[in-house]
Amino acid sequence: MKFLPTGFKCKGTLKLALLSATTLFLLTPSVKAVNPQPQICPSANLLPKRSFDTAKYSVYICRGDNNNALGYYVRISKTDNSKITVPVTSTTGETYIATKGEIAYAVTPYELQVIKNKRVVLKERVNNAIAGDGQPLAKACPEGENIFGEAETKSFIVYICGSNLPTNYIAITRSGNRRIAVPLSSYNSKGEPQANQYIAVNGDIRYVLTRKVLRISDNGQTIIKEKVLRWN
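Residues 8 to 239 in the numbering used here are what the sequence shown lists, from first letter to last.
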């Protein structure tokens with residue numbers, strides 16, 4: 008029986024060990040290659056309970072703590088990842104307001120606003136509003152329907168919704184986010200855009216929306232008349 012030289016056995020064992028170590032190094036993920044998720048809330052223990060997404064920002068409402076029971080408003084810019092964190096000072100339904108000095112930050116499932124010295128300096132539509140359990144907070148139009156028009160007045164955000172044609176009048180009160188949904192009884196969206204008119208009737212209450220004005224009447228008497236500030 009022939010035996011391999013001792014030196015040859017040592018070299019073979021060394022090569023095998025080096026090969027195994029190299030393979031293990033290549034297969035093991037580098038710790039530096041794993042990017043940890045950035046912390047959103049002021050503390051790792053304070054998880055987001057609401058998230059709102061706009062074209063330019065991601066906004067989170069974090070849970071409260073002993074310092075501020077109402078929680079924290081966190082806004083992150085999508086362009087440069089700049090971040091602001093402000094304690095929430097008041098809530099009404101799904102409306103969250105955080106105030107710092109002369110600036111107030113407000114967010115609802117429908118819009119984001121920044122108000123400075125009682126003047127709106129930033130306003131964006133909220134595209135998605137999600138609760139902490141992943142469920143949507145609210146949608147402008149019913150599932151499967153499109154937005155044919157969106158009007159903003161002092162007190163309301165109004166959506167004209169439908170599948171192939173406009174069929175529903177949806178109004179959201181800016182104070183408290185109360186939702187009013189009424190089927191359209193008639194509409195005129197032909198000709199000049201300024202002549203567009205949408206009418207919804209619920210009993211004695213009649214809603215008439217044009218690109219210039221929103222009128223709400225009760226039994227023929229106008230009870231609300233507001234100028235359309237913006238139309239999308």
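The C-beta atom is built at its ideal place from N, Cα and C for all residues, glycine as well.
Taken in chain order, the complete beta strand (DSSP E) segments of 3 residues or longer contained in the stretch 146-211 are 153-159, 163-169, 173-180, 186-195 and 204-209. Counting only the Cα atoms, Asn153 lies some 33 Å from Lys90. With contacts defined by Cβ atoms closer than 8 Å, Pro55 and Asn75 do not form a contacting pair. Separation of Cys48 and Leu236 (C-alpha to C-alpha, rounded to the nearest whole angstrom) is 35 Å.
Comparing alpha carbon positions, the residue from Val127, Cys168, Ile177 and Ile83 closest to Ala188 is Ile177.
The beta carbon of Gly100 lies closer than 6 Å to those of Gly183 and Asn184 in the same chain, with the five residues before and after it left out.
In the pairwise beta carbon analysis, the stretch 100-112 is classified as not touching the stretch 166-177: fewer than three pairs are separated by under 8 Å. Under the three-state reduction of DSSP output, Ile231 falls in the strand class. Assignment of beta-bridge partners to Val121 by DSSP yields Tyr112 and Leu129. In terms of Cα proximity to Glu118, the closest of Arg218, Lys234, Lys63 and Gln46 is Lys63. Judged by DSSP secondary structure, Leu77 falls outside any beta strand (DSSP E); it is assigned neither H nor E. DSSP, reduced to helix, strand and coil, places Ser50 outside both helices and strands of the structure shown, so it counts as coil.
By DSSP's assignment, Pro143 forms a beta bridge with Ile137. Per DSSP, Asp60 is one residue of the beta strand (DSSP E) stretching across Pro55 to Asp60.
Straight-line spacing of the CA atoms in Val121 and Thr92 works out to 14 Å. Contact between Ala136 and Ala145 is confirmed by a C-beta separation of about 6 Å, below the 8 Å threshold.
With fewer than 16 other beta carbons inside 10 angstroms of its own, Ala51 counts as exposed. Only residues of its own chain outside the window of five on either side were considered, and among them Val121 have a CB closer than 6 Å to the CB of Leu129, listed in chain order. In this structure, the CA atom of Asn88 is about 10 Å from the CA atom of Ser65. Boundaries of the beta strand (DSSP E) harbouring Leu221: Val220 to Asp225, taken from the DSSP string. Residue environment for Gly156: buried (at least 16 other C-beta atoms within 10 angstroms of its C-beta).
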